[in-house]
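Student:
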Amino acid sequence: MRIDVHTHIHPDPIAKPVLDNMTETFGYPAVGLNTVAGIKQHMISSGVDKSVVLGVVEEVRHVKAANDWLISIQDDMLVPFGAIHPDMDGKSEEIRRLRESGIKGIKLHPMVNQYYPDDPRMFEVYEELGDDMVVEIHSGRWAHTKPGETVWADPSRIRKVIERFPKMKVVALHLGGFYMLDEAERELIGLPNVLIDTTWPPALKEVGVRTMLEIVKSTDRIKFVLGLIFL
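No gaps in the numbering here: position 212 of the sequence shown is 277 in this note's numbering, and each next residue is one more.
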């Protein structure tokens with residue numbers, strides 16, 4: 066079975082505006098519209114059996130509505146992960162609601178929501194996740210991050226979270242550190258409860274053949290999962 070663990074998804078009414086904004090901001094070409102129908106069509110043509118579909122919410126007021134929708138789209142092809150915002154009240158209660166509704170994990174995006182993963186506000190989230198839910202977290206910076214700009218999702222901060230909550234199951238996205246592969250190698254790769262996904266927009270070839278060969282040769286201590294980051 067082929068499972069893609071990193072696919073962004075949005076409700077039909079907002080999917081195109083969100084996609085247009087992302088492609089304009091980051092300059093990445095879109096491969097299709099990330100609606101339920103669009104993703105399923107791309108899955109079939111790509112030979113993907115299941116996709117973990119992720120909701121990223123910029124504003125705290127949208128979290129519960131987004132999660133309601135994510136809960137509603139669960140089926141044999143789509144495995145939604147919920148959204149959590151550091152500023153929301155009742156974070157642990159929301160995790161419990163997601164679990165009771167069949168959701169298997171959450172997606173965290175410190176670069177979008179501008180918080181450090183080891184912010185104490187998030188501790189109740191990690192505690193509630195326990196060892197039966199998964200957290201996928203953006204690890205690393207943006208491609209266009211300039212020197213001196215804040216890198217909210219530094220791999221070293223993600224490691225601090227893992228050390229504090231050692232039972233938590235973590236997928237560190239973008240090879241463990243987007244444009245921070247040295248830091249990923251030092252801080253995250255090889256930890257027993259950490260998986261590394263393969264997303265690197267706009268294309269994995271940007272990493273370079275030599276670097277990828279070095280990573281692949283380390284697979285005795287790296288646990289990979291497939292991520293396609295359908296945009």
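We put the beta carbon where it would ideally sit given N, CA and C, even for glycine.
The model shown is predicted, which means the values in this text are computed figures rather than measured ones.
#1: So H203 and M233 are in contact, right, with Cβ under 8 Å, and what is the actual spacing, rounded?
#2: What does DSSP give as the partner residue(s) for P220 in the beta ladder?
#3: Apart from the five residues just before and just after E159, which ones in its own chain have a Cβ nearer than 8 Å to its Cβ?
#4: Determine whether the beta carbon atoms of G120 and K156 lie at a separation below 9 Å.
#5: Going by beta-carbon coordinates alone, are G205 and E250 separated by less than 9 Å?
#6: Do you know how far the Cα of L253 is from the Cα of R224?
#7: Can you name the residues that DSSP bridges to L260?
#8: Give me the residue from N178, V259, W265 and E165 with the minimum Cα distance to T215.
#9: Look at the Cβ atom of R164, then the Cβ atom of K115, and state whether they are nearer than 9 Å.
#10: Counting C-beta neighbours from all protein chains within 10 Å, is the total for A102 16 or more, i.e. buried, or is it exposed?
#11: Name the two residues that bound the continuous alpha helix (DSSP H) containing H71.
Tutor: Taking the definition as stated:
#1: That pair is no contact at about 16 Å.
#2: DSSP output for P220 lists no bridge partner at all.
#3: V128, K129, N132, G147, I149 and M153, listed in sequence order.
#4: Cβ distance not < 9 Å, so G120 and K156 don't count as in contact.
#5: Not closer than 9 Å, so no.
#6: Whole-angstrom Cα-Cα distance: 6 Å.
#7: BP columns for L260 point to V236.
#8: T215 has its Cα closest to that of N178, out of N178, V259, W265 and E165.
#9: No. Outside cutoff.
#10: Classification of A102: exposed, given that the 10 Å Cβ count is below 16.
#11: No alpha helix (DSSP H) contains H71, which is instead part of the beta strand (DSSP E) from I68 to H73.
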